[in-house]
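Each residue of the sequence shown is one higher than the one before, starting from -16 at the first, in the working numbering.
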Amino acid sequence: MTWDPNTASSSLQVSENDQTLVSYRRNLEPVPHHPERFKVLDQIMSREGLSSRHFFQLECFSRLATIGMAYKDISRKGSSAACSIGLNNKSWGIVADSSYGLCKALHGGVETILPNCSPLRVGVYLDWAAGTLSFYNTTYDKAELIHTFHSKFTQPLFLLVSSTGAKILPDVPPPFCVHEPWGMRS
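Okay, here's the thing in structure tokens:
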């Protein structure tokens, strides 16, 4: 999975050498107009849409990050709920705030506070047909469930992140987990 640079807000940039790495743009030079670009919110979307079973992980390099999945047609203009991860019916996500050690699960503007949660590495498991989207606090050898959303997905889902730095990790198998929904382990 890689980032789509055409969706990156003007304050984010995808590394030229590593399409899985996004960081805060140091020099705010103008970026070319693109209809897919997030105009106001510091967000970026993946190139690939998912509509089956997938597990992937990403690392966030900021104290506050919002990690989610969204339909491709989420709004790109402005800073309203229609554009924000989890504040509409086109996206599902978690806000991870390591400063306060908590997470919030968000969908349709409904917020669920999840205390004692400050992941630096987040695992995402999508079972599109079953209608589940789970987020995990992952390490190299284990994963703790943060939250699972249940929904009837109607379109492919794209990774959508708001962070000053994030890297999609290369394909790695799911770590050992007490809650193992993916059935991918031998």
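C-beta atoms are modelled at their ideal positions from N, C-alpha and C, and glycine is treated no differently. Note that this is a predicted model, so its numbers are computed, not measured.
Alpha-carbon to alpha-carbon, residue j and residue i
| i | j | result |
| --- | --- | --- |
| Tyr108 | Pro15 | 33 Å |
| Phe132 | Gly114 | 8 Å |
| Met167 | Leu152 | Any answer about Met167 is weak, because its pLDDT of 47 lies below 50 and its placement is not dependable; what the coordinates show is given next. Each residue's alpha carbon lies about 18 Å from the other. |
| Cys100 | Leu85 | 4 Å |
| Ser169 | Pro139 | Bear in mind that the predicted position of Ser169 carries a pLDDT of just 36, short of 50, making it unreliable; the figure below should be weighed with that in mind. Using only the alpha carbons, I get a separation of about 28 Å. |
| Leu33 | Met(-16) | 10 Å |
| Glu12 | Phe21 | 16 Å |
Buried/exposed call for residue i, threshold 16 Cβ in 10 Å
| i | result |
| --- | --- |
| His130 | buried |
| Ala112 | exposed |
| Val161 | Legend: pLDDT at Val161 = 42, less than 50; position of this residue unreliable, no value from coordinates given. |
| Val144 | buried |
| Tyr123 | exposed |
| Val(-3) | buried |
| Ser74 | buried |
| Tyr119 | buried |
Collapsed DSSP secondary structure at residue i in the structure displayed
| i | result |
| --- | --- |
| Thr49 | strand |
| Asn120 | strand |
| Thr(-10) | helix |
| Met28 | strand |
| Gln138 | coil |
| Arg59 | coil |
| Trp111 | coil |
| His133 | strand |
| Glu127 | strand |
| Val23 | coil |
| Ile77 | strand |
Residues that residue i bridges to, as DSSP identifies them
| i | result |
| --- | --- |
| Glu94 | Leu89 |
| Leu(-5) | Tyr7 |
| Val105 | Leu41, Asn120 |
Beta strand (DSSP E) segment containing residue i, residue limits
| i | result |
| --- | --- |
| Leu41 | 36 to 43 |
| Asp154 | Segment: none, Asp154 is in no beta strand (DSSP E) and carries neither H nor E. |
| Gly84 | Note, Gly84: premise wrong, no beta strand (DSSP E); not H, not E. |
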